[in-house]
Amino acid sequence: MFIYKDIVSGDEMFTNSYPTKFLDDALIEIEGKPLTVSSAIDDSLIGGNASAEGGAEALLDSSKTGIDFVIASNLQILAMTKPDFKVYIKAYMVKIIERLKANAPDRIPIFKTAANNFITKVLASFNEWEFYVGSSINPEGSVGFLNYREDQVTPYMVFFQDGFKSEKQ
1 MFIYKDIVSG DEMFTNSYPT KFLDDALIEI EGKPLTVSSA IDDSLIGGNA SAEGGAEALL
61 DSSKTGIDFV IASNLQILAM TKPDFKVYIK AYMVKIIERL KANAPDRIPI FKTAANNFIT
121 KVLASFNEWE FYVGSSINPE GSVGFLNYRE DQVTPYMVFF QDGFKSEKQ
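In structure tokens form, the structure reads like this:
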């Protein structure tokens with residue numbers, strides 16, 4: 001399994017344990033599913049047995065509903081207006097291109113083409129997208145772009161490949 005960490009914040013953003021596609025040699029898309037995680041404890045699993053006299057003690061149970069990869073990586077939603085997004089994405093693209101100049105200059109044209117095409121797509125349907133950052137909520141780090149398939153049930157998230165380092169786990 002590979003863990004993908006944001007090169008700016010160091011946050012773990014996702015793993016390849018979810019269906020993963022590499023798009024245009026510059027984007028990574030992961031697909032997830034809705035998930036509910038409950039904190040309920042079943043006493044029978046830990047040897048508990050309700051008293052015949054007083055019954056079981058009531059415990060507060062909570063649950064969290066969301067998308068499996070968002071919950072697993074503790075991603076945080078980032079509210080952005082279209083003008084905010086434009087400012088963010090310009091600054092982020094500069095960071096990635098500077099990194100590519102230093103480490104892989106031959107990737108710059110590939111990255112620029114794929115990034116421009118994807119950003120154009122996001123801007124054209126801006127209200128359909130949600131934006132997520134890592135657990136540190138670093139606004140200068142990578143953003144995951146969340147949308148849903150045509151079935152409006154299946155979530156997917158897109159990342160810029162060059163904004164991450166992968167670590168084998």
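Counting from 1, one number per residue, gives the positions in the sequence shown under the UniProt record's numbering.
Built from N, CA and C at the ideal position, the CB exists for glycine as well.
query                                                                                                                                                             : result
Of the choices 151, 152, 100, whose alpha-carbon is the least far from that of residue 160?                                                                       : 100
Could you tell me if residue 130 is buried or exposed, where buried requires 16 or more neighbouring beta carbons within 10 angstroms of its beta carbon?         : buried
Quick check: what's the CA-CA separation for residue 166 versus residue 66?                                                                                       : 25 Å
Rank 30, 120, 90, 75 by C-alpha distance to the C-alpha of residue 21 and give the top, closest one.                                                              : 30
Can you check which of these residues, 156, 69, 119, is closest to residue 87 by C-alpha distance?                                                                : 119
Measuring CA to CA, which of 1, 7, 3, 146 is closest to residue 103?                                                                                              : 7
For the alpha helix (DSSP H) containing residue 6, list its first residue and its last residue.                                                                   : Segment 2-6 is the beta strand (DSSP E) holding residue 6; no alpha helix (DSSP H) there.
Going along the chain, which residues of its own chain have a beta-carbon closer than 8 Å to the beta-carbon of residue 2, five neighbours each way excluded?     : 15, 16, 166, 167, 168, 169
Per DSSP, which one or two residues make a beta bridge with residue 29?                                                                                           : 21, 158
In the DSSP assignment, find the beta strand (DSSP E) that holds residue 126 and state where it starts and stops.                                                 : Residue 126 -> no beta strand (DSSP E), and no H or E assigned at all.
Quick check: residue 208 and residue 164, are their CB atoms within less than 9 Å of each other?                                                                  : Outside the displayed span of the chain (1 to 169) sits residue 208, for which this structure offers no information.
Note down, in chain order, each residue of its chain lying with its Cβ closer than 8 Å to the Cβ of residue 136, except the 5 sequence neighbours on either side. : 9, 10, 11
Of the residues 152, 122, 24, which one's Cα is nearest the Cα of residue 80?                                                                                     : 122
Mind reading off the beta-carbon distance from residue 132 to residue 77? Whole number of angstroms is fine, and I expect it under 8 Å.                           : 6 Å
Considering only the alpha carbon of each residue, which of 142, 64, 134, 154 lies closest to residue 73?                                                         : 134
How should residue 91 be labelled, buried or exposed, when 16 other C-beta atoms within 10 angstroms of its C-beta is the threshold for buried?                   : exposed
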